[in-house]
Amino acid sequence: MMNNDTLIPKIGVVTDIRIDTPDVKTFRVVSPQGGKVFEHMPGQCAMLSVPGVGEGMFSITSSPTNTEFMEFSIKKCGCLTNWLHSMEVGQQITIRGPYGNHFPVETELKGKNLLFIAGGIGLAPLRSVINYVRDKRENYGDVQIVYGSRSMDDLVDYKEIIEEWTNDKGIEVNLTIDREQDGWNGHVGFVPNYVKELAPSTDKTVLVCGPPIMIKFTLAGLKEIGFTETQVYTTMELRMKCAVGKCGRCNIGDKYVCKDGPVFRFDQLDELPDEY
Amino acid sequence: MLKISVNKLDELFALIASKQTLYIPADREAGVAEYKKWEQGMKLSNALNTVRSAKDFFFPQTENLVDFKMEGKNIEVIDIRQESEDFVVFGVRACDARSFTILDKVFLVEPVDSYYKNRRDHGTVVTMACTRPAETCFCGVFGIDATEPEGDAVCYNDGENIFFKAHNEKGQKFIDSVSSLLEEGDTSKLDEVQAKTRDILKKLPLANLSTDSFGGDKLMENFNSDKWGELSESCIGCGTCTFVCPTCQCYDIRDFDTGHGIKRFRCWDSCMYSEFTRMAHGNNRNSQLERFRQRFMHKLVYFPSNNNGEFGCVGCGRCLSKCPVSMNIVKVMKALEVK
Chain G
1491 MMNNDTLIPK
1501 IGVVTDIRID
1511 TPDVKTFRVV
1521 SPQGGKVFEH
1531 MPGQCAMLSV
1541 PGVGEGMFSI
1551 TSSPTNTEFM
1561 EFSIKKCGCL
1571 TNWLHSMEVG
1581 QQITIRGPYG
1591 NHFPVETELK
1601 GKNLLFIAGG
1611 IGLAPLRSVI
1621 NYVRDKRENY
1631 GDVQIVYGSR
1641 SMDDLVDYKE
1651 IIEEWTNDKG
1661 IEVNLTIDRE
1671 QDGWNGHVGF
1681 VPNYVKELAP
1691 STDKTVLVCG
1701 PPIMIKFTLA
1711 GLKEIGFTET
1721 QVYTTMELRM
1731 KCAVGKCGRC
1741 NIGDKYVCKD
1751 GPVFRFDQLD
1761 ELPDEY
Chain L
628 MLKISVNKLD
638 ELFALIASKQ
648 TLYIPADREA
658 GVAEYKKWEQ
668 GMKLSNALNT
678 VRSAKDFFFP
688 QTENLVDFKM
698 EGKNIEVIDI
708 RQESEDFVVF
718 GVRACDARSF
728 TILDKVFLVE
738 PVDSYYKNRR
748 DHGTVVTMAC
758 TRPAETCFCG
768 VFGIDATEPE
778 GDAVCYNDGE
788 NIFFKAHNEK
798 GQKFIDSVSS
808 LLEEGDTSKL
818 DEVQAKTRDI
828 LKKLPLANLS
838 TDSFGGDKLM
848 ENFNSDKWGE
858 LSESCIGCGT
868 CTFVCPTCQC
878 YDIRDFDTGH
888 GIKRFRCWDS
898 CMYSEFTRMA
908 HGNNRNSQLE
918 RFRQRFMHKL
928 VYFPSNNNGE
938 FGCVGCGRCL
948 SKCPVSMNIV
958 KVMKALEVK
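Chains G and L are the protein sequences, given in the same order. With the first sequence counted from 1, adding 1490 to any position gets you the working numbering. With the second sequence counted from 1, adding 627 to any position gets you the working numbering.
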């Protein structure tokens, strides 16, 4: 009898599908016996697959404090994600993981004032941390969330943000959309500019995720305000096949994003070739 | 040392093959060798080395990982793994033997790759010391002694006799299993042959290639070198270097619908290919320069960085003789060398 191999996946059942935006759906996944297929930490990922269609790495958007199920917010943009978007409740998929490191919620982030900055589907990995922090509120200081999308309809998890996050004590939520839109009374403008306008206090530890261009300008803006790279964390994605640092695909410098990442602090990224 | 006459190799092979599957380097055509499953009458090749490396034995070009059955909304995962049969690879050269210990550092670190380990556990590597190294050989640059190869057991050929020495328990078991054909022999001629080979190795044209400019602590200076443009200009991205390379281990995982179910298999891939890093939303290595640089940076800088300075090249010289545009790791090392 051979040992288990991480390349041999387990079965997950999709028990709920939420339409978040025109191109993002959130899938709830449990094991066929009920409960979570495995435990994880905020920021970790899983390989989801539909045999015959493909396999891909997705961040786990639900918090580990959720004991019943895992959730994945997935944007429709390729073969596999198109297939996932066409699924119905009850469909089985394969799942393996958890993979990669995680945001240091029990170490560096503990006791800190936190600033979350997300753009578009970039909220998916941060949502896991945000809900983890909300469930262990006493371990963290003030929480500020800056989240932007192309339009009102493209804000992922809008319902949870409005109904839950904005009502939490000690959590400030700042939403923005790229262009004016009927029915939107909030801020209009790109995330990096909005962050500069908000001028958050520099005692905060920052977690940022979004399109590469947004991350680039956000980091530059944070530095202008007085933040240093050692205060800012992000999470990366590259093409992956094995998810355990062997297939070679996500190799950047001497790191493998799948196992040494996906979470990096910006001063760590400085030591790597700019190939991501 | 125990030995057998070169005239009795047929008997030796027959005895090994009576117990487990035996692979030897045999001629496909005169002087062009490949590993073949030994059958009665098959002769050991006189060629220095095989065209393809020996990595196939442990990391085959394609292999089935797992099967799936799809029924309605349900999926069945079928673990198709089976214990490998015991086998012997005879006549592996020092460069290829070292490549196994390099691949071990990828596949046997946690989480262990059970497919690779299965074959490693069941395979016995019997190496053969080199006596006629070629001008494209540079294993010595990476600390490999072609006259003293690694492996479970090693053989030395003095022209008349083949001598045997075990490196570990598995190797000793192999020698014990053929001891009925072996006898004690005088090694004085072998000592001469070994001394002569060492002399040739020292005088090889690439013997003095320097690795001083490479290693894990020289990441950015090598990555940012202005030489990559010129070096990669002629690369056509064919991936031949990757496929003949004994240490290249990048792989792809794909599914195939047989009509009766889905087979998930993995196969060799190359970081030199344009689709290697292509994602739905873009490609982080869009130019051949970036892809070319990745392959050599991995062998000369990234791998050593993660493996106590060990380089990801064994100096077998296959890429030197096989690249259609005559580009290779030696040219890269010379161009990047800081004098």
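For every residue, glycine included, the Cβ atom is placed at its ideal position computed from N, Cα and C.
- The shortest C-alpha to C-alpha distance from P1532(G) to any of V1623(G), F1756(G) and S1618(G) is the one to S1618(G).
- When 8 angstroms is used as the limit between beta carbons, Q1582(G) is near these residues of chain L: K700, N701 and I702, in chain order.
- Per DSSP, the continuous beta strand (DSSP E) segment holding C782(L) begins and ends at A780 to N784.
- F923(L) and M669(L) have their alpha carbons spaced roughly 38 angstroms apart.
- Shown here for T728(L): same chain residues with a beta carbon closer than 7 angstroms to its own, the five before and five after excluded, namely E777 in chain order.
- Identification of chain L residues near Y1766(G) by a Cβ-Cβ cut-off of 8 angstroms yields N911, ordered along the chain.
- Per DSSP, reduced to three states, the secondary structure at Y1766(G) is coil, with no helix or strand assignment.
- By the neighbour-count criterion, in which 16 or more other beta carbons inside 10 Å mark a residue as buried, H887(L) falls on the exposed side.
- Two segments are said to touch when three or more pairs of C-beta atoms, one from each, lie closer than 8 angstroms; by this definition the stretch 1644-1656 of chain G does not touch the stretch 1740-1758 of chain G.
- For Q799(L), there is no enclosing beta strand (DSSP E); the enclosing alpha helix (DSSP H) covers residues E796 to S804.
- In chain order, V678, R679, S680, R945, C946 and K949 place their CB closer than 8 angstroms to the CB of V871(L), counting only its own chain and leaving out the 5 sequence neighbours on each side.
- Residue pairing by DSSP places S1639(G) opposite I1667(G) in a beta bridge.
- For N701(L), the pairing in a beta bridge is given by DSSP as E698(L).
- For M1560(G), the closest of N1683(G), G1502(G), G1679(G) and L1759(G) by C-alpha to C-alpha distance is G1502(G).
- Within the stretch 820-907 of chain L, the runs of alpha helix (DSSP H) at least 4 residues long that lie entirely inside it are, in chain order, 846-850, 855-859 and 867-871.
- Flagged as an interface residue toward chain L: P1541(G), by a C-beta distance shorter than 8 angstroms.
- Think of a sphere of 7 angstroms around the beta carbon of P1763(G): the chain L residues whose beta carbon falls inside it are F850, in chain order.
- In this structure, the straight-line span from the alpha carbon of K1731(G) to that of S1539(G) is close to 11 angstroms.
- In the DSSP assignment, N788(L) falls within the unbroken beta strand (DSSP E) covering N788 to A793.
- A distance below 8 angstroms between beta-carbons, with the five flanking residues on each side excluded, links R1669(G) to the following residues of its chain, in chain order: R1640, S1641 and V1678.
- Close to chain L, meaning a Cβ-Cβ distance shorter than 7 angstroms, are the following residues of the stretch 1737-1750 of chain G: C1737, G1738, R1739, N1741, G1743 and D1744.
- Interface residue (Cβ-Cβ distance to chain L less than 8 angstroms): P1588(G) is not classified as such.
- What V733(L) touches in chain G, judged by beta-carbon distance under 7 angstroms, is K1736, going in chain order.
- Burial of P1541(G) is indicated by the presence of at least 16 other C-beta atoms within 10 angstroms of its C-beta.
- The criterion of a C-beta distance shorter than 8 angstroms is not satisfied by N676(L) and E710(L).
- The secondary-structure analysis by DSSP pairs R1755(G) across a beta bridge with Y1723(G).
- For I889(L), the closest Cβ of chain G is nearer than 8 angstroms.
- Assignment of P1499(G) by DSSP, reduced to helix, strand and coil, places it in the coil class.
- Pairing C1737(G) with C877(L) gives a Cβ-Cβ distance under 8 angstroms.
- E1662(G) has Q1634(G) as its beta-bridge partners, per DSSP.
- Residue pairing for Q1582(G): DSSP places it in a beta bridge opposite V1503(G).
- Counting along the chain, the unbroken alpha helix (DSSP H) around M924(L) starts and ends at Q915 to M924.
- In this structure, the straight-line span from the alpha carbon of F1717(G) to that of V1633(G) is close to 16 angstroms.
- Along the stretch 864-888 of chain L, going in chain order, the ones with a CB nearer than 9 angstroms to a CB of chain G are C875, Q876, C877, Y878, D879, I880, R881, D882, F883, D884 and G888.
- For I643(L), the uninterrupted alpha helix (DSSP H) run begins and ends at L636 to K646, by DSSP.
- Nearest CB-CB separation between L846(L) and chain G: below the 8 angstroms threshold.
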